[in-house]
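Below you'll find the structure, written out as structure tokens, and then a few comments.
There are 2 protein chains.
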Amino acid sequence: MLGRRCLPAELTENQTLEFENKVTRSKPLELGEHLFRTGDAFHSLYAIHSGCFKSYTIDQEGREHVLNFHFPGELIGVDAVYQEAHSANTTALENSSVCQLPYQSIMELSFEMPELHYQLLRLFSREVFYVTTIAGDFSAEERMAAFLVMVSGRLRTHGQSAATLHLAMSRQDIANYMRMATETVSRVLARFENNGLLDADRKNIIILDTKGLAEVAMCMNPYTR
Amino acid sequence: MLGRRCLPAELTENQTLEFENKVTRSKPLELGEHLFRTGDAFHSLYAIHSGCFKSYTIDQEGREHVLNFHFPGELIGVDAVYQEAHSANTTALENSSVCQLPYQSIMELSFEMPELHYQLLRLFSREVFYVTTIAGDFSAEERMAAFLVMVSGRLRTHGQSAATLHLAMSRQDIANYMRMATETVSRVLARFENNGLLDADRKNIIILDTKGLAEVAMCMNPYTR
DNA sequence: CGACCTATTGAATTCGTTCAATGATAGTGG
DNA sequence: CCACTATCATTGAACGAATTCAATAGGTCG
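Chains C and H are the protein sequences, given in the same order.
Just so we're on the same page, my numbering is the position in the first sequence counted from 1, plus 31.
Just so we're on the same page, my numbering is the position in the second sequence counted from 1, plus 31.
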């Protein structure tokens with residue numbers, strides 16, 4: 032049952048059981064706890080069962096750069112396969128739980144289960160797709176709208192509500208990820224509220240006008256690209 | 032021999048031959064020719080044999096957004112596996128040649144060749160890694176320096192010279208990718224020249240001070256992250 | 001050689017940042 | 001249960017990095 036949430040491929044009942052027995056280890060994390068840090072050797076991927084994570088680096092001037100957020104149903108650590116080491120830090124933004132997937136084990140298992148092999152590549156592909164979301168030269172409003180539409184979509188993909196968002200990350204984290212100042216995040220959200228696009232109360236965002244928000248985000252958003 | 036350049040895994044001689052016979056089809060492209068366009072169904076990955084490509088989208092306002100450049104030895108189309116459709120346009124920036132890798136064929140073959148299986152995931156992982164390069168909130172100078180260090184590194188990975196760069200892309204493309212105006216690209220390059228970091232003559236860039244350039248790029252660069 | 005496109009350089013403008021102050025929220029301990 | 005504190009979020013005003021507008025220079029190709 033955990034395995035199904037971890038790598039929800041179209042495996043048979045028996046395969047899912049085998050997968051669970053062989054490769055998944057459930058691991059709870061508290062807010063602020065790190066899954067790994069820059070430079071750590073790569074051994075396992077992590078599939079998020081519940082909660083939320085951020086990946087970030089600290090540059091030589093001490094500035095933090097949020098590279099990605101991770102939501103339930105997604106894989107963490109995909110970028111580390113290539114270098115066999117983690118290039119970023121990844122920390123839990125709320126109490127969370129992940130399935131640890133020892134890379135060697137899932138690779139071996141994927142030879143027995145073609146569907147698992149396909150699923151791994153699909154999920155790796157999805158990561159490329161997601162990371163591309165914030166690329167491109169867009170205004171602060173466009174990026175903010177695209178961010179909300181994206182988060183909404185990524186949560187929906189795994190069965191969570193789409194209109195009522197519980198953002199685990201702080202304004203600082205959002206700002207950092209979106210390449211803007213926290214003040215700008217506040218200002219843009221305030222403008223969206225004035226325009227009736229949404230209702231923002233700290234970490235709780237209610238999207239009132241999905242279509243209108245998507246229009247601001249335009250085709251920046253991968254779901255409408 | 033082509034196969035070796037396409038997916039340079041550590042395959043045996045026989046495996047390489049089998050790979051070539053079964054899955055690779057060489058395909059030459061002229062400057063400006065498209066490999067695929069937004070919305071095209073996904074059937075094949077492309078491994079670059081020679082030349083240079085850019086992936087881009089056009090938004091609803093008609094603005095172009097360069098999402099990535101692709102160099103010899105790299106895979107094109109990785110992001111399309113997930114959606115089974117291409118989300119971006121990809122075009123040749125100079126006369127180039129690619130190996131077309133029908134996805135179904137390489138997947139089937141990868142069950143017979145464990146090393147190919149591993150290699151595919153490594154290359155997918157690398158794409159995530161590369162796409163992350165321009166993420167983060169850095170100044171125009173930092174991004175430009177990181178871009179040059181990255182291109183240098185990616186070309187070196189596949190045996191090309193590292194200090195003397197032959198940029199196939201226009202200033203417009205670079206600017207677009209780096210989220211800045213073409214004028215800013217010119218100005219930053221001029222500043223780098225004045226500081227003795229490099230010598231820029233249109234598409235030919237000679238890096239004079241690798242260390243100095245890397246310092247400007249700081250830990251933004253994935254190679255130094 | 002002239003037409004065209006790309007690149008460079010200069011001056012004015014602007015979007016978003018930085019600086020600064022205030023408001024709101026949650027956690028702590030008396 | 002209510003100060004008290006610390007942290008996070010919001011709002012206002014001044015500033016600045018990069019853009020936009022505008023003009024010039026350099027290369028390429030008929």
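Here a beta-carbon is modelled for each residue, glycine too, at the ideal position from N, C-alpha and C.
Identify the continuous alpha helix (DSSP H) that holds residue i and give its terminal residues.
i: D110 (chain C); result: Taken as a continuous stretch (DSSP letters only), D110 (chain C) belongs to no alpha helix (DSSP H), as it is neither H nor E.
i: T241 (chain H); result: 241–248
i: K53 (chain H); result: 44–54
i: I205 (chain H); result: 202–208
i: L260 (chain H); result: With chain H covering only 32 through 256, there is no way to say anything about residue 260 (chain H).
Indicate whether residue i and residue j have their beta-carbon atoms separated by less than 7 Å.
i: T228 (chain H); j: L244 (chain H); result: What sits at residue 228 (chain H) in the sequence shown is Leu, not Thr. Yes, these two residues count as a Cβ contact at 7 Å.
i: V162 (chain C); j: T163 (chain H); result: yes
i: E158 (chain H); j: E41 (chain H); result: no
i: A119 (chain C); j: T69 (chain C); result: yes
i: I261 (chain C); j: V54 (chain C); result: Nothing can be reported for residue 261 (chain C), as the shown portion of chain C is limited to 32 through 256.
i: T122 (chain C); j: H65 (chain C); result: yes
i: F178 (chain C); j: M211 (chain C); result: no
i: Y113 (chain H); j: F67 (chain C); result: no
i: F142 (chain C); j: F155 (chain H); result: no
i: R222 (chain C); j: T213 (chain C); result: no
Quick check: the Cα distance between residue i and residue j, rounded to an integer number of angstroms?
i: E49 (chain H); j: V129 (chain H); result: 18 Å
i: E95 (chain H); j: V182 (chain C); result: 24 Å
i: Q91 (chain C); j: T241 (chain H); result: 18 Å
i: L132 (chain C); j: M249 (chain C); result: 37 Å
i: E224 (chain C); j: T195 (chain C); result: 14 Å
i: T255 (chain H); j: G184 (chain H); result: Low per-residue confidence applies at T255 (chain H): pLDDT is 47, beneath 50, and the placement is therefore not dependable, though the value from the model is reported in the following sentence. C-alpha separation (whole angstroms): 11 Å.
i: N252 (chain C); j: T43 (chain H); result: With a pLDDT of 49 at N252 (chain C), under the threshold of 50, the modelled position of this residue cannot be trusted; read the value that follows with caution. Between N252 (chain C) and T43 (chain H), the C-alpha separation is close to 43 Å.
i: I238 (chain H); j: R187 (chain H); result: 13 Å
i: R174 (chain H); j: I165 (chain H); result: 7 Å
i: T47 (chain H); j: A116 (chain C); result: 28 Å
i: M200 (chain C); j: H101 (chain H); result: 33 Å
i: H189 (chain H); j: L140 (chain H); result: 24 Å
i: Y87 (chain H); j: A206 (chain H); result: 13 Å
i: V97 (chain H); j: C37 (chain C); result: 33 Å
i: R218 (chain C); j: N235 (chain C); result: 16 Å
i: Q191 (chain C); j: A176 (chain C); result: 19 Å
i: I89 (chain H); j: N52 (chain C); result: 47 Å
i: T148 (chain C); j: L152 (chain H); result: Looking at the sequence provided, one finds His at residue 148 (chain C) rather than Thr. Cα to Cα, H148 (chain C) sits roughly 10 Å from L152 (chain H).
i: N45 (chain H); j: Y134 (chain C); result: 27 Å
Using 7 Å as the limit for Cβ to Cβ distance, is residue i near chain H?
i: M175 (chain C); result: no
i: H96 (chain C); result: yes
i: M249 (chain C); result: yes
i: I87 (chain C); result: The question names Ile, but residue 87 (chain C) in the sequence shown is Tyr. Output row for Y87 (chain C): interface = no.
i: E44 (chain C); result: no
i: G167 (chain C); result: yes
i: T213 (chain C); result: no
i: Y77 (chain C); result: no
i: L152 (chain C); result: yes
i: T188 (chain C); result: no
i: T195 (chain C); result: no
i: Q180 (chain C); result: Rather than Gln, the amino acid found at residue 180 (chain C) in this sequence is Val. Output row for V180 (chain C): interface = no.
i: T163 (chain C); result: yes
i: F223 (chain C); result: no
i: Q135 (chain C); result: no
i: V219 (chain C); result: no
i: D90 (chain C); result: yes
i: V216 (chain C); result: no
Over what stretch of residues does the beta strand (DSSP E) that includes residue i continue unbroken?
i: N120 (chain C); result: 120–123
i: H96 (chain C); result: 95–101
i: T188 (chain C); result: Taken as a continuous stretch (DSSP letters only), T188 (chain C) belongs to no beta strand (DSSP E), being part of the alpha helix (DSSP H) at 171–188.
i: H148 (chain H); result: Where H148 (chain H) is concerned, there is no enclosing beta strand (DSSP E), although the alpha helix (DSSP H) it sits in stretches over 145–162.
i: A231 (chain H); result: 229–232
i: H197 (chain C); result: 195–197
i: T78 (chain C); result: In the sequence under discussion, the amino acid at residue 78 (chain C) is Ala, which differs from the Thr named in the question. Taken as a continuous stretch (DSSP letters only), the beta strand (DSSP E) holding A78 (chain C) covers 75–81.
i: L66 (chain C); result: 65–67
i: L62 (chain C); result: L62 (chain C) -> no beta strand (DSSP E), and no H or E assigned at all.
i: I89 (chain C); result: 84–89
i: I238 (chain H); result: 235–238
i: Q131 (chain C); result: 127–133
For the ligand MG, is there any heavy atom lying closer than 6 Å to the beta carbon of residue i?
i: H80 (chain H); result: Only the bare structure without any ligand can be found here, which leaves the ligand MG out of the picture.
Beta-carbon of residue i versus every beta-carbon of chain C: anything under 7 Å?
i: F155 (chain H); result: yes
Pairs of beta-carbons, one from the segment 71–81 of chain C and one from the segment 99–115 of chain C, closer than 8 Å: are there three or more? The answer is yes - the segment 99–115 of chain C touches the segment 71–81 of chain C, with three or more Cβ pairs under 8 Å.
For the 8 Å Cβ check, are there 3 or more pairs between the segment 80–88 of chain C and the segment 160–173 of chain C? Counting Cβ pairs under 8 Å, fewer than three are found: no touch.
The segment 112–128 of chain H touching the segment 56–73 of chain H, judged by at least three CB pairs closer than 8 Å: yes
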